[in-house]
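In the numbering used here, the protein residues as written are 35 to 189.
This is the structure we're talking about:
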């Protein structure tokens with residue numbers, strides 16, 4: 035889904051960088067679909083290192099980031115996670131070459147809860163479909179922060 039939404043923008047950005055003579059480097063972007071399968075992701079990571087000679091990896095799935103993050107740490111290869119929610123990836127001793135491009139979802143729930151409290155908002159409508167839903171734990175965290183009597187969640 036990511037590549038269909040952002041793939042053309044990535045290509046335009048890379049072409050722009052590569053055509054600018056002020057940069058002393060050029061970029062290349064190779065996309066592999068891991069289907070968020072750890073085994074497939076690990077194979078793709080090894081293939082990316084051996085065949086593509088990739089310098090950095092972008093990962094969009096927690097399950098794949100967890101296994102590739104261990105090997106990336108061992109081989110000293112940076113991995114940047116986008117929308118990965120696993121808190122285990124925050125252990126910088128284990129995943130010392132892993133970094134996030136955005137915060138943990140747990141933090142988003144806390145920020146959202148403070149925002150709701152600040153404006154005295156007590157009802158939330160979670161607009162979602164089967165492919166894009168607010169995780170249950172996030173809904174629970176929001177409700178827990180207010181107490182069951184103080185917040186109503188609509189789906």
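Don't be surprised by glycine CBs; every beta carbon is placed ideally from N, CA and C.
Since the model is a prediction, treat every value here as computed from it, not as a measurement.
Determine the DSSP secondary structure at residue i, reduced to helix, strand or coil.
i, result
"residue 97", "helix"
"residue 126", "coil"
"residue 111", "coil"
"residue 91", "strand"
"residue 132", "strand"
"residue 47", "helix"
"residue 102", "helix"
"residue 78", "helix"
"residue 152", "helix"
Anyone know if the C-beta pair for residue i and residue j falls short of 8 Å?
i, j, result
"residue 90", "residue 114", "yes"
"residue 94", "residue 117", "yes"
"residue 48", "residue 63", "yes"
Roughly how many angstroms separate the alpha carbons of residue i and residue j, rounded to a whole number?
i, j, result
"residue 96", "residue 57", "33 Å"
"residue 102", "residue 79", "7 Å"
"residue 82", "residue 55", "27 Å"
Here's the rule I'm using: 16 or more other beta-carbon atoms within 10 Å means buried, otherwise exposed. How should residue i be labelled?
i, result
"residue 100", "buried"
"residue 46", "exposed"
Compare the C-beta of residue i against all C-beta atoms of chain C and say whether one is closer than 8 Å.
i, result
"residue 65", "The structure shown contains no chain C; it holds only a single protein chain."
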